[in-house]
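Chemist: Oh and the sequence shown: position 7 is 32 in the numbering used here, straight run, nothing missing.
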Amino acid sequence: MKKIIGIAILAGILVGCDFKSGRLENTKELSREIKASQIKRVTNVQLISSADEWGKKIAQIAEKALKGELEKNPDAGLPHCRDLSGIPVIAALEKEYGVKVELFGTNDVKRPDLHAKEREILDAYAYSAKSNTQAGDNLQLLNDTLLVYNAPVSAESVICKKCMAGQDTTFAVWRLLFNKKEIIRKLDAKQLKD
Numbered sequence: 026m027k028k029i030i031g032i033a034i035l036a037g038i039l040v041g042c043d044f045k046s047g048r049l050e051n052t053k054e055l056s057r058e059i060k061a062s063q064i065k066r067v068t069n070v071q072l073i074s075s076a077d078e079w080g081k082k083i084a085q086i087a088e089k090a091l092k093g094e095l096e097k098n099p100d101a102g103l104p105h106c107r108d109l110s111g112i113p114v115i116a117a118l119e120k121e122y123g124v125k126v127e128l129f130g131t132n133d134v135k136r137p138d139l140h141a142k143e144r145e146i147l148d149a150y151a152y153s154a155k156s157n158t159q160a161g162d163n164l165q166l167l168n169d170t171l172l173v174y175n176a177p178v179s180a181e182s183v184i185c186k187k188c189m190a191g192q193d194t195t196f197a198v199w200r201l202l203f204n205k206k207e208i209i210r211k212l213d214a215k216q217l218k219d
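(1) Since Lys155 contacts Thr194 with CB under 8 angstroms, what's their CB separation in whole angstroms?
(2) Answer yes or no: do Ile208 and Leu72 have a C-beta to C-beta separation smaller than 8 angstroms?
(3) DSSP three-state label for Gln159, please.
(4) Specify the secondary structure class of Gln192 as computed by DSSP and reduced to three states.
(5) Among the residues of its own chain, which have a CB less than 8 angstroms from the CB of Ser74, if the five just before and after it don't count?
(6) What are the boundary residues of the beta strand (DSSP E) that Leu128 is part of?
(7) Give the straight-line distance between the Cα atoms of Thr52 and Ile112, rounded to the nearest whole angstrom.
(8) Determine the burial state of Ile64: buried for a count of at least 16 other Cβ atoms within 10 Å of its Cβ, exposed for fewer.
(9) Can you give me the Cβ contacts of Asp162 inside the same chain, cut-off strictly under 6 angstroms, excluding the 5 residues immediately before and after it?
(10) In the region 73-108, which residue ranges form an unbroken alpha helix (DSSP H) of at least 4 residues, counting only runs that do not cross its ends?
(11) Once you ignore the five residues that flank Val124 on each side, which residues in its own chain have a CB closer than 6 angstroms to its CB?
(12) Could you tell me whether the region 90-105 touches the region 177-189, using the rule of 3 or more Cβ pairs below 8 angstroms?
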């Protein structure tokens, strides 16, 4: 009788244990969250250089992904010009870096919902496109919490030809909107000490 009760208790304990709870699977996510929540001292130079480095990388990857969509299926790819989050690679970048990725053209130069500094930058890109001069990437601090990275798209690119067709001046600019808090969360504290 004691053996039966002992076996029943042991079986009850084993059944009560949840071996597939995912505790072991979540360790990477947990360690990433712990790293993100560490107290870090980030200088303005480190913040701006990180945003600049990430902006270059994200703009290149986003351009390659959108080109791929447009070349693979031109008609189905056109809606992605306005809503880039439909492209899995760009959606993953937005989630990974905490950035908003958009593609702007001539029609966006006078958008009232943009910061005045952004409208000036877009106007300068439009002027460069009209005068056939080369414009470079740009990183601007919009306010205390936001940074915007702009990268022009080549006028010969399939992106300009397909996404910005019908505009008086064909130009396209990547707009990457970073939140300072997200940049700081994503920075590795060990890299900052160097």
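We put the beta carbon where it would ideally sit given N, CA and C, even for glycine. Bear in mind the structure is a predicted one, so any value in this text is a computation, not a measurement.
Modeler: Reading it off the structure:
(1) So it is a contact: roughly 5 angstroms between Cβ atoms.
(2) Cβ atoms of Ile208 and Leu72: closer than 8 angstroms.
(3) In the structure shown, Gln159 sits in coil (DSSP, three-state: anything other than H, G, I, E or B).
(4) DSSP, read as helix, strand or coil, puts Gln192 in coil.
(5) Closer than 8 angstroms at the Cβ level, and outside the excluded window around Ser74, lies no residue.
(6) Taken as a continuous stretch (DSSP letters only), the beta strand (DSSP E) holding Leu128 covers Val124 to Phe129.
(7) Rounded to whole angstroms, Thr52 and Ile112 show a C-alpha spacing of 29 angstroms.
(8) Ile64 counts as exposed, since fewer than 16 other C-beta atoms from the protein chains shown sit within 10 angstroms of its C-beta.
(9) Excluding positions up to five away in sequence, the list reads Ala176.
(10) Complete alpha helix (DSSP H) runs here, min 4: 99-102 and 104-107.
(11) The beta carbon of Val124 is closer than 6 angstroms to those of Leu201 and Phe203 in its chain, skipping five residues each way along the sequence.
(12) Because the criterion of three Cβ pairs below 8 angstroms is met, the region 90-105 and the region 177-189 touch.
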